[in-house]
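Asker: Here it is: the structure, laid out below.
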């Protein structure tokens, strides 16, 4: 309950209207020499790092991307559902330690060990957060749009890192499409996302269990260079369900 309340309040204070928008190149390989994307590298840092960073991106909308609300580390642990402190004896525990480790990683996770997040201690008041490396804003379609309800409805807290990774990739593949219109995602598409087959399949399965994705088998053109129709798996995002429904209390995976 605490996490849901904090997430809803965080979205309200973010100043954002409907989505967080990120350019296509953040998630798709753009040149033959690339072996990874910024999103795949973020995923490789682990679930807590990934969720904390994306949440800080949500909250630091405009340059210089600073968060002026000074909050202690256990705030992030409770916001992201890693622990809920006892009001009578609010001693931070394992969840807060996970946040501290994630912040340490983010302090040198950028190119050339540059910081993705800078935490400046303020004596007696916690810390000020700056996010110097923001995902690029889109200059052309398509782009990833992350609904604010991913946070305000609590969904981010019940997704694993792999489910979140797959979800963001599908947001790009299905950008601008209604819920009733799906798309096939070929092995070549997945290679461009730098996502491993096992991660993809397990992430899709988890999203299906959460009700955020539906799959079906249909005859589709396997790529944009052919009109031949083949029987393939097609993916649909259940956007209305995500926007209108609170997440379950516990993860499904």
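Residue numbers (the numbering used here): 223 to 475. Beta carbons are placed, not taken as given, at the ideal position from N, Cα and C, and that holds for glycine. A quick note: this is a predicted structure, and the numbers were derived from the prediction, not measured.
Would you check if the distance between the CB atom of residue 395 and the CB atom of residue 278 is smaller than 9 angstroms?
Answerer: Taking the first residue of the chain shown as position 1, residue 395 is located at position 173. Taking the first residue of the chain shown as position 1, residue 278 is located at position 56. Result no, Cβ atoms of residue 395 and residue 278 do not sit closer than 9 angstroms.
Asker: Which ranges would you report for the beta strand (DSSP E) in the region 367-448 if only whole runs of at least 3 residues count?
Answerer: Runs found: 435-443.
Asker: Thinking residue 383 and residue 272 are a contact (beta carbons under 8 angstroms), I'd like their distance in whole angstroms, please.
Answerer: Within the chain shown, the letter at position 161 stands for residue 383. Within the chain shown, the letter at position 50 stands for residue 272. Sure, about 5 angstroms apart at Cβ, within 8 angstroms.
Asker: By the three-class DSSP mapping on this structure, what secondary structure does residue 275 have?
Answerer: To locate residue 275, count along the chain shown from 1; it is residue 53. Three-state result, residue 275: helix.
Asker: Using C-beta distances below 6 angstroms, list every residue in its chain close to residue 461, excluding the 5 sequence neighbours before and after it, in chain order.
Answerer: Your numbering for residue 461 matches position 239 in the chain shown. Hits under 6 angstroms: 401.
Asker: Please state the DSSP three-state secondary structure of residue 352.
Answerer: Counted from its first residue, the chain shown places residue 352 at position 130. Looking at residue 352 - three-state DSSP - the assignment turns out to be strand.
Asker: Quick check on this structure: which residue in 457, 253, 414 has the alpha carbon closest to the alpha carbon of residue 427?
Answerer: Residue 427 sits at position 205 when you count from the first residue of the chain shown. Per the Cα distances, 457.
Asker: With three or more beta-carbon pairs closer than 8 angstroms as the criterion, would you say the region 238-245 touches the region 337-349?
Answerer: Output reads no: the region 337-349 does not touch the region 238-245.
Asker: Apply the 10 Å Cβ neighbour rule to residue 313 and answer buried if 16 or more other Cβ atoms are within range, or exposed otherwise.
Answerer: Counting from one through the chain shown, the residue named residue 313 turns up at place 91. The residue is exposed, with fewer than 16 neighbouring Cβ atoms inside 10 Å.
Asker: Under the DSSP definition of a beta bridge, which residues are partnered with residue 341?
Answerer: For the purposes of this step, residue 341 is taken as residue 119 along the chain shown, with counting starting at 1. Answer by DSSP bridge pairing, in chain order: 351.
Asker: Throw me the rounded Cβ distance for the residue 391 and residue 232 pair, which I believe falls under 8 angstroms.
Answerer: For this step, residue 391 is matched to residue 169 along the chain shown. For this step, residue 232 is matched to residue 10 along the chain shown. Contact doesn't hold; Cβ gap of about 24 angstroms is too wide.
Asker: My output table needs one value for residue 463: the three-state DSSP class, helix, strand or coil.
Answerer: Start at 1 with the first residue of the chain shown, and residue 463 comes out as number 241. Residue state, collapsed to three classes: helix.
Asker: Under 8 angstroms by Cβ, that's how I've got residue 238 and residue 283 pegged, so tell me the actual separation to the nearest angstrom.
Answerer: For the purposes of this step, residue 238 is identified with residue 16 of the chain shown, where counting begins at 1. For the purposes of this step, residue 283 is identified with residue 61 of the chain shown, where counting begins at 1. Correct: roughly 6 angstroms between the Cβ atoms.
Asker: Please work out which residues of its chain come closer than 8 angstroms, Cβ to Cβ, to residue 291, disregarding the five sequence neighbours upstream and downstream, and give them in chain order.
Answerer: Here residue 291 refers to the residue found at position 69 of the chain shown. Hits under 8 angstroms: 235.
Asker: Does residue 454 come out as helix, strand or coil in the three-state DSSP assignment?
Answerer: The residue you call residue 454 lines up with position 232 of the chain shown. Three-state result, residue 454: strand.
Asker: Tell me the rounded alpha-carbon separation between residue 399 and residue 425.
Answerer: Here residue 399 refers to the residue found at position 177 of the chain shown. Here residue 425 refers to the residue found at position 203 of the chain shown. When rounded, the distance between both Cα atoms is 21 angstroms.
Asker: Residues bridged to residue 244 by DSSP?
Answerer: Looking up residue 244 in the chain shown gives position 22. Per DSSP, 366.
Asker: Classify residue 289 as helix, strand or coil using the three-state DSSP reduction.
Answerer: If you number the chain shown from 1, residue 289 lands on position 67. DSSP places residue 289 in strand when its eight states are reduced to three.
Asker: Excluding the five sequence neighbours on either side, which residues of its own chain have a C-beta within less than 6 angstroms of the C-beta of residue 224, listed in chain order?
Answerer: Counted from its first residue, the chain shown places residue 224 at position 2. Counting only Cβ-Cβ distances below 6 angstroms, and skipping sequence neighbours, we find 300, 306.
Asker: From the DSSP output, in three-state form, read off residue 238 for me.
Answerer: Translated into positions along the chain shown, residue 238 becomes position 16. Coil, per DSSP.
Asker: Is it the case that the Cβ atoms of residue 228 and residue 275 are separated by a distance below 9 angstroms?
Answerer: One-based indexing of the chain shown puts residue 228 at position 6. One-based indexing of the chain shown puts residue 275 at position 53. No, the Cβ-Cβ distance between residue 228 and residue 275 is not below 9 angstroms.
Asker: Looking only at its own chain, which residues have a Cβ that is under 8 angstroms from the Cβ of residue 430, when we skip the five neighbours before and after it?
Answerer: Position 208 of the chain shown holds residue 430. Closer than 8 angstroms at Cβ, skipping near neighbours: 436, 437.
Asker: Determine the DSSP secondary structure at residue 282, reduced to helix, strand or coil.
Answerer: Position 60 of the chain shown, counted from the start, is the residue given in the question as residue 282. Coil, per DSSP.
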